[in-house]
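Please read the structure below before turning to the comments.
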Amino acid sequence: MDELKTIGDTTQFIVIKLGDEQYGINIKYIDNIVRMPHITRVPKVDPYLKGVINLRGEVVPVMSIRIKMGLPEDEFTKSSRIIIIKLETQGYIGIIVDEVKEVVTLDASQIEKVSYDSKDEKGNFISGVGKCEDGLISLLDLNMVVPEVS
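Following the working numbering, the numbering of the sequence shown begins with 89 at its first residue and continues without gaps.
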């Protein structure tokens, strides 16, 4: 999956906040955005997997993107949301975010690819940086952020 694939020459991203930082998620992967429901814990899973939720009769795993990225533990507020992501291989997974801000449309000239010097690609969660009026938005590479969940 190529995170920076464009339709025409623009791509829409949902801008989210994690702490003080803004991140963008390609809108084509977003199925739904829900307020924080009750999360049922699942024993013996990675710490970033918070549990599962029941979404219209379907059990959806939920992960903390903060913990996965090495940030401080989530603090749930009235702005906290779960974004339901639909990926070809993993199906649905929910990611907890501090806040959903807006949708931005970026064209290819506003997106800078990020290159890493390190051979360890496992910790590289950003595929590019988008430039818009509100500043810079780090564009998430969902292949690196979302684990293989079955």
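Even glycine gets a Cβ: it sits at the ideal position worked out from N, Cα and C.
task = Taking all protein chains shown into account, decide if Arg129 is buried (16 or more other Cβ within 10 angstroms of its Cβ) or exposed.
result = Counting from one through the sequence shown, the residue named residue 129 turns up at place 41. Classification for Arg129: exposed.
ask   = Is the beta carbon of Ile171 sitting closer than 8 Å to the one on Ile113?
value = Residue mapping note: residue 171 aligns to position 83 of the sequence shown, counting from 1. Residue mapping note: residue 113 aligns to position 25 of the sequence shown, counting from 1. Result yes, Cβ atoms of Ile171 and Ile113 sit closer than 8 Å.
request  = Drop a sphere of 10 angstroms on the beta-carbon of Pro149, count the other beta-carbons inside from all chains shown, and report buried for 16 or more, exposed for fewer.
outcome  = Counting from one through the sequence shown, the residue named residue 149 turns up at place 61. Answer is buried; the Cβ neighbour count reaches 16.
query = Secondary structure at Gln198, three-state DSSP: helix, strand or coil?
reply = Within the sequence shown, numbered from 1, the residue matching residue 198 stands at position 110. In this structure, Gln198 counts as helix in the three-state DSSP scheme.
task = Look up Leu230 in the DSSP assignment and say whether it is helix, strand or coil.
result = Within the sequence shown, residue 230 is the residue found at index 142, counting from 1. Helix, per DSSP.
key: Cβ-based neighbour list, Ile104, same chain, cut-off 6 Å, excluding 5 preceding and 5 following   = Counting from one through the sequence shown, the residue named residue 104 turns up at place 16. Excluding residues within five positions, the ones whose Cβ falls inside 6 Å are Tyr111, Val185 and Val188.
request  = Assuming Ile127 contacts Gly139 (C-beta within less than 8 Å), just tell me the rounded distance between them.
outcome  = As a working mapping, residue 127 is identified with position 39 in the sequence shown. As a working mapping, residue 139 is identified with position 51 in the sequence shown. Yes, they are in contact, since the Cβ atoms of Ile127 and Gly139 sit about 4 Å apart, within 8 Å.
query = For Lys210, which residues of its own chain have a beta-carbon under 6 Å away from its beta-carbon, when the five flanking residues on both sides are left out?
reply = As a first step, residue 210 must be located in the sequence shown, where it is residue number 122. Confidence at Lys210 is low in this model, with a pLDDT of 47, below 50, so the placement of that residue is unreliable and no value is reported for it.
query = Just how far apart, CA to CA, sit Val233 and Glu161?
reply = Start at 1 with the first residue of the sequence shown, and residue 233 comes out as number 145. Start at 1 with the first residue of the sequence shown, and residue 161 comes out as number 73. Straight-line Cα distance between these residues: approximately 16 Å.
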